[in-house]
């Protein structure tokens, strides 16, 4: 039977409405799933970003020659004691913790991420893995056995200071003269002067075999003048400490100043 | 009785040491073990020998790779304790049950250890008793006298250790008498009888005894070497007493041998042979005009900075702050997979799992021209560090093994100490003496050519160089160096042919000191590592002149012979050196690097076997073709 015009239009409208309803439901369902998906993605992403940002801002690296006391310092910072002693590290010690001396403090305690990089020459490349996240570098120097090791110490310090990342991000360096509890340990000023002299010499010889990309203009200090630590663009301070006996207050100050609560 | 047993983490914290065995260890054996064995990728070795003034220890170790723990037992070398390996394994099992990464004190482990050690000792005693009973039976039958063979075994092991060069020269005189007795006893017994009676039972004991057994068999040949070493020690002592008299005695010895083997000139046809074949004209004025002075060829390739393109991209990523995708992403994956693991329950890696991928890796290394022995030792070391590790569920065994091998290769090829020659030259200059470099190596590896390249590089850094022509054997060697010297316009010290190279070198250094040269480059004749008189002459040169750097020149084309060359060179230098001043090979110069495409394995073999870093790489035949070793590219080509 033929449908009248109105009925046909009605039918069409009805069909359209029906179609719209169906489409609406589908759309709602579609939008709902899309929305949930986006929300989860957002949550995950923000957690992830927060994780990175937290990592990025409070990693402190402890570097230095083998035997300078890095692992001892690490455990002092974490546990307040050196337990049974240490041996040469074969892999990095890494942990996120609240400084032991701060545990008694009231209020919000923020954890720091400290990495103790092995000092053995064969494990040098490990430093590069952690350098990206570094916010501060603690360079340990053995003040007791300083003179026999002055060249390797100066070379390592020079290498660290000339790394492109360190120069670009102006990572602050704390030079710690360790083992000050011993009577025959050299003084802070003596160590600083000797290292400055050595690095001055290294600037000329190493410029031909350094790994730093010279086109980025990494020449430590100022040309023509004797090298001084104050010439570095990143801040470099020298302190004394004795990791074995626990006199590490200046080190802790450094860590706290660069880890903002 | 054990001296000490330690448990420490890979990160360096000591977790537990036995309180009862309270003896303080003399020296620092643990640090020495870590530095010269575990970090040198020799973790697959059986034991480590450590000598300190007043003590001689043997160290044995085992790893627990999942927890990252190392278990080390130290005992006196003269005791041959059988139960150490068993004890270590038992301790490992018990301790991993108690271990908690958060805990740092394990005092309660003392009791467990006491029980374990008592059990192990009891078992070892029982075993020894049964073995003695067995041997008593065989003795009744009268097959072979055990006591004599035992003494021979001990001497065998002592002498095998001696040929390793560890106690070079110190026990020289006292051991000579023992060698004499041991030789006669051994020849009476024969090697088979002595070895088989100890073959039953504990595998470790077999390996120790096998050292003694093989020491027996090689001692027939080594006996001769021992007597020659004895001969030479006497000569060295004479040398120390009277310099002039001594040197004349020692100089005579190689000359006598040369005199005995003088070659007769070949006769071609009927023409009478010429009496003298050396046409060198000492005062050759015309020669100078003919040799073209070298014009500046440009910068030596040594001064090329490494092109680290990826470091540029790292800058941009870090500036945005989102470049840390690498590590956090991996960590997230690890967290996820560890959850999955805890649900699925993956088992730890076993040796059988690692075997196929390790074998494939070893084959791959060998196709890249790594010596077979080295590839074997490396794979063992990687296996030891991976056994017991739990795999991430989305990682295959092959990729874990590859990553571990890459790590190990990076560790081996990274130099132990700085290789800044210019700085060394500067410090020698401050002390007012010239810096002496001696080039040694077998025949035809490119010593003279690369000596000229090194001279060119040094000249570009405003260092005054002098060459010393101490190759007084090969025809044309002095002229070759003279040509190089004239082209580079540097002084050369030469004394012609058939002179004692040690004396020539000494005079060259003296002249360099007088004329205030910064560096002296000493060229020596090529010699095979088995040639006893030539090796003795070389060590005499090195002992007499005490150079700052002994550079071993090796070609990249060498295969398995690299291992033999370097071990024998080092051994001879150690054995024949004056007591107290042992000077081994300090650096390696790798030549003919441009002739190999990616078969770069010779570099790895040489560095592994000698422990010396590669200071220069010769990659061509012109003056500028000298560069540094690029560790990352070598690893990439080795593992491609």
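Chains as they are written, first to last, in my numbering: chain A, 1 to 261; chain B, 1001 to 1640.
Built from N, CA and C at the ideal position, the CB exists for glycine as well.
Mind checking which residues open and close the alpha helix (DSSP H) that includes residue 1094 of chain B? 1084–1098
Per DSSP, residue 96 of chain A is paired with what? A:113
Residue 1095 of chain B: buried (16+ other C-beta within 10 angstroms of its C-beta) or exposed? buried
I need the boundaries of the beta strand (DSSP E) containing residue 156 of chain A, first residue and last residue. First-last for residue 156 of chain A: 150–162, but that is the alpha helix (DSSP H), not the beta strand (DSSP E).
Taking a contact to mean a Cβ-Cβ separation below 7 angstroms, would you say residue 99 of chain A touches residue 158 of chain A in this structure? no
Contact set between residue 1411 of chain B and chain A, taken where Cβ atoms lie within less than 8 angstroms: 122 and 123
Could you say if the segment 1534–1543 of chain B and the segment 1419–1436 of chain B meet the contact criterion of at least three C-beta pairs nearer than 8 angstroms? no
Tell me the residue span of the alpha helix (DSSP H) that contains residue 1113 of chain B. Start and end: 1109–1141.
If you run the structure through DSSP and keep just helix, strand and coil, what is residue 1024 of chain B? coil
For the segment 1612–1627 of chain B, which residues have a CB atom closer than 7 angstroms to at least one CB atom of chain A, in sequence order? none
Quick one: what's got a C-beta closer than 7 angstroms to residue 1124 of chain B's C-beta in the same chain, skipping five residues either side? 1082 and 1083
Just to check my reading of the structure: residue 114 of chain A and residue 95 of chain A have Cβ atoms closer than 8 angstroms, yes? What is that Cβ distance to the nearest angstrom? 7 angstroms
So what's residue 1523 of chain B in DSSP terms, helix, strand or just coil? strand
Mind checking the segment 1424–1440 of chain B against chain A and listing, in chain order, the residues whose C-beta falls within less than 7 angstroms of any C-beta there? 1426
Which first and last residues belong to the beta strand (DSSP E) in which residue 141 of chain A is found? Residue 141 of chain A -> beta strand (DSSP E) spans 134–142.
Is residue 1596 of chain B near the ligand FAD, judged by its Cβ being under 6 angstroms from some heavy atom? Annotation note on the ligand FAD: not contained in the displayed structure, which lists no ligands.
Counting contacts by CB-CB distance shorter than 7 angstroms, is residue 90 of chain A in contact with chain B? yes
So which residues on chain A does residue 1416 of chain B lean against when the C-beta distance must stay under 8 angstroms? 121 and 122
What in chain A is Cβ-close to residue 1108 of chain B, meaning under 9 angstroms? Within chain A, no C-beta atom comes nearer than 9 angstroms to that of residue 1108 of chain B; the closest sits roughly 14 angstroms away.
Any beta carbon from chain A within less than 7 angstroms of residue 1095 of chain B's own beta carbon? It does not; no Cβ of chain A falls within 7 angstroms.
Following the continuous alpha helix (DSSP H) through residue 1508 of chain B, name the residue where it begins and the one where it ends. 1501–1514
Beta carbon proximity, residue 1104 of chain B to chain A, threshold 7 angstroms: yes
Report the start-end ranges of each alpha helix (DSSP H) in the segment 1542–1620 of chain B that is 4 residues or longer and not cut off at the edges. 1561–1575 and 1601–1610
What is the rounded straight-line gap between the Cα of residue 1171 of chain B and the Cα of residue 1048 of chain B? Residue placement at residue 1171 of chain B is flagged as unreliable, the pLDDT there being 41, under the threshold of 50; the coordinate-derived value follows with that caveat. Approximately 20 angstroms between the Cα atoms of the pair.
Could you tell me whether the segment 1628–1635 of chain B touches the segment 1411–1419 of chain B, using the rule of 3 or more Cβ pairs below 8 angstroms? The segment 1628–1635 of chain B makes contact with the segment 1411–1419 of chain B; the number of CB pairs closer than 8 angstroms reaches 3 or more.
Using 10 angstroms around the beta-carbon of residue 1073 of chain B, count the other beta-carbons present and answer buried if the total reaches 16, otherwise exposed. Residue 1073 of chain B comes out buried.
Along chain B, which residues have their Cβ under 7 angstroms away from the Cβ of residue 85 of chain A? 1014
Of all Cβ atoms in chain B, is any one closer than 7 angstroms to the Cβ of residue 93 of chain A? yes
What residues from chain B crowd round residue 75 of chain A, counting only those whose CB sits closer than 7 angstroms? 1013
Step through the CB atoms of chain B and report whether any lies within less than 7 angstroms of the CB of residue 248 of chain A. Using beta-carbon distances, residue 248 of chain A does not count as an interface residue toward chain B, since no partner is under 7 angstroms.
Reduced DSSP secondary structure (H/G/I, E/B, other) of residue 1051 of chain B: strand
Within the continuous alpha helix (DSSP H) that includes residue 130 of chain A, where are the two ends? 126–131
Roughly how many angstroms separate the alpha carbons of residue 1462 of chain B and residue 1030 of chain B, rounded to a whole number? 44 angstroms
Would you say residue 1422 of chain B reaches chain A, if we count a Cβ-Cβ gap shorter than 7 angstroms as a contact? Output row for residue 1422 of chain B: interface = yes.
Among residues of its own chain, excluding the 5 on either side of residue 1490 of chain B, which ones have a beta-carbon nearer than 8 angstroms to its beta-carbon? Non-local C-beta neighbours of residue 1490 of chain B in its own chain, meaning closer than 8 angstroms and more than five positions away in sequence, comprise 1455, 1459, 1464, 1465, 1466 and 1467, ordered along the chain.
Taking the Cβ atom as the reference point for each residue, do residue 119 of chain A and residue 66 of chain A lie within a distance shorter than 7 angstroms? yes
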